[in-house]
Amino acid sequence: MRLNKNQLDNINKKDISEHNRCFDFLANTISQNGQNVNTLIKKLQDFQVAIPSWALGAGGTRFGRFKFQGEPSNLEQKIEDIGILHTLTQTAGAISLHIPWDVPKDYNAIKDLANSYDIVFDAVNSNTFQDQKKGKESYKFGSLSNTSKVIREQAVEHNIEVIKIGDKLGSKSLTVWLADGANFPGQSNFQTALQHTQDSLKDIYKTLPEDWKLFIEYKPYEPNFYSTVIQDWGTSFMLANECGAKAYSLVDLGHHLPNTNIEQIVSILMLKGKLGGFHFNDSKYGDDDLTVGSVKPYALFLIFNALVYGMENNPQNPYPAWMIDASHNIKDPLEDLIQSLEAIQEAYAKALLVDQKLLTEAQQNHDVVKCQEIIQDAYRTDVRPLLEKARLNRGGAVNPIKTYRSLKIRENLIKERGADSVASGL
Ligand code: RM4
Ligand code: MN
Ligand code: MN
Numbered sequence: 003m004r005l006n007k008n009q010l011d012n013i014n015k016k017d018i019s020e021h022n023r024c025f026d027f028l029a030n031t032i033s034q035n036g037q038n039v040n041t042l043i044k045k046l047q048d049f050q051v052a053i054p055s056w057a058l059g060a061g062g063t064r065f066g067r068f069k070f071q072g073e074p075s076n077l078e079q080k081i082e083d084i085g086i087l088h089t090l091t092q093t094a095g096a097i098s099l100h101i102p103w104d105v106p107k108d109y110n111a112i113k114d115l116a117n118s119y120d121i122v123f124d125a126v127n128s129n130t131f132q133d134q135k136k137g138k139e140s141y142k143f144g145s146l147s148n149t150s151k152v153i154r155e156q157a158v159e160h161n162i163e164v165i166k167i168g169d170k171l172g173s174k175s176l177t178v179w180l181a182d183g184a185n186f187p188g189q190s191n192f193q194t195a196l197q198h199t200q201d202s203l204k205d206i207y208k209t210l211p212e213d214w215k216l217f218i219e220y221k222p223y224e225p226n227f228y229s230t231v232i233q234d235w236g237t238s239f240m241l242a243n244e245c246g247a248k249a250y251s252l253v254d255l256g257h258h259l260p261n262t263n264i265e266q267i268v269s270i271l272m273l274k275g276k277l278g279g280f281h282f283n284d285s286k287y288g289d290d291d292l293t294v295g296s297v298k299p300y301a302l303f304l305i306f307n308a309l310v311y312g313m314e315n316n317p318q319n320p321y322p323a324w325m326i327d328a329s330h331n332i333k334d335p336l337e338d339l340i341q342s343l344e345a346i347q348e349a350y351a352k353a354l355l356v357d358q359k360l361l362t363e364a365q366q367n368h369d370v371v372k373c374q375e376i377i378q379d380a381y382r383t384d385v386r387p388l389l390e391k392a393r394l395n396r397g398g399a400v401n402p403i404k405t406y407r408s409l410k411i412r413e414n415l416i417k418e419r420g421a422d423s424v425a426s427g428l
């Protein structure tokens, strides 16, 4: 299913006068505060987030999985789904492949298809947290950190294979998320496990093409419940430094223990030029993979405030690779992703509204109350008309969820693909 401009225009027509009324009011306020509205809108238009190829079907938990009808059952259909998302939101201009769940059969055909939707290939993700059909060795007791050299070599080879696949598609980065760790005290030697991981990562790093980056993700627990080899940003930062200039840390919002100050982590990594990638989701307890902004929207805004500051003040840090890393257990995956994309843009727009000059002044004067007023003033602004304008300028929908429902997109996908189609992934 491919949406066309007329379908969107017909629905946008009904919402345009209300959009104009709200936009004019907001644009006036922003201009009066001394900011350039067009610059803000341009930044929102340029902000594109990758959709992972595993997020388009229903996600499961260890207790089971409730399927969602009309799921994409191959890579072509997944790209088609991202095409729909991107047409509506104009914010999902990239796909992040998970290997081996989504290995292309015909590379040129897949590239052409993605290109026809204006979608590029972002970071490729390796998978050594499950045993693979073709794999001789098991990752039950770890992959890059395993005590067995043969198993470590198999895991390194897999990562090198993933780089080769990504290279054929135009990807420029590899994300490594390592599930390795221990379930019980005494099960593994912390030092040996870290040393093996370091050596394996270096072996992978050596094969990176010149213009590629390596992103090292961290996570405190799960699937292992006693210890994880790359448990926190410090470990990831240390490993990235040992690998070299093309290796970076990747922050996944769900990979922190409750109450961790993620905005501070983001700030420090950017100061050190080592924040390479970023995974969006939301959570209440752990790696819950909930819709972005659904539980802690203020925390998301504070994190964006740190990201915006870093993007403006830290030329030593590359532009981060953004990706949504969420799972959709009960919602329509496409509606869930639309809500996440909206929440990301909203937090970004609010962070852009923070008057950085005034904030620095207030910080220097130790005016704590003023500091809070400045950031909360930005947070309390309803920026949705700015998002609408950014989408409209690029040919998207004023209201993506409403448009998705009026066009009966899920119903059409079910007609095309059937009720029983299942997407690969978790
Ligand atoms: C992990 C991690 C990775 C993702 C897998 C599916 O928790 O967030 O980024 O590839 O889940
Ligand atoms: Mn992640
Ligand atoms: Mn995760």
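According to my numbering, the residues represented by the sequence shown are 3 to 428, in order. Each residue gets a CB set at the ideal place from its N, CA and C atoms; glycine is no exception.
- The shortest C-alpha to C-alpha distance from N283 to any of R4, A345 and K333 is the one to A345.
- About 6 angstroms separates the beta carbon of H100 from that of N129, a gap short enough to meet the 8 angstroms contact definition.
- In chain order, the residues with a C-beta atom nearer than 6 angstroms to some heavy atom of ligand 3 are D254, G256, H257, D289 and D327.
- In this structure, T93 is the residue among Q156, E219, T93 and N6 with its C-alpha nearest to the C-alpha of I53.
- Within the same chain, and ignoring the five residues on either side of Y109 in sequence, the residues whose Cβ sits closer than 6 angstroms to its Cβ are K170.
- Relative to the non-hydrogen atoms of ligand 1, the Cβ of H160 never comes closer than 7 angstroms to any of them.
- In the structure shown, the three-state DSSP call for T63 is strand.
- For G168, there is no enclosing beta strand (DSSP E); the residue is found in the alpha helix (DSSP H) stretching over K151 to L171.
- Residue state for K215 is assigned as strand, using DSSP reduced to three classes.
- The C-beta distance from Y381 to K352 rounds to 5 angstroms, short enough to meet the 8 angstroms contact threshold.
- For E219, the Cβ falls inside the 7 angstroms cut-off from some heavy atom of ligand 2.
- Looking only at K404, N22 and N191, the smallest Cα-Cα distance to Q9 is reached by K404.
- When the five nearest sequence neighbours on each side are left out, the beta carbons in the same chain lying within less than 8 angstroms of the beta carbon of L409 are those of L5, Q9 and I13, in order along the chain.
- Judged by DSSP in its simplified three-state form, W103 adopts coil rather than helix or strand.
- For the pair of segments examined, the segment 395 to 403 was found not to touch the segment 55 to 67: the number of CB pairs separated by less than 8 angstroms stays below three.
- Residue burial is scored here from C-beta neighbours: Y207 has at least 16 other C-beta atoms within 10 angstroms and is therefore classed as buried.
- Collapsing the DSSP output to three states places S423 in coil.
- Put simply, the backbone Cα of A157 is about 31 angstroms away from that of T293.
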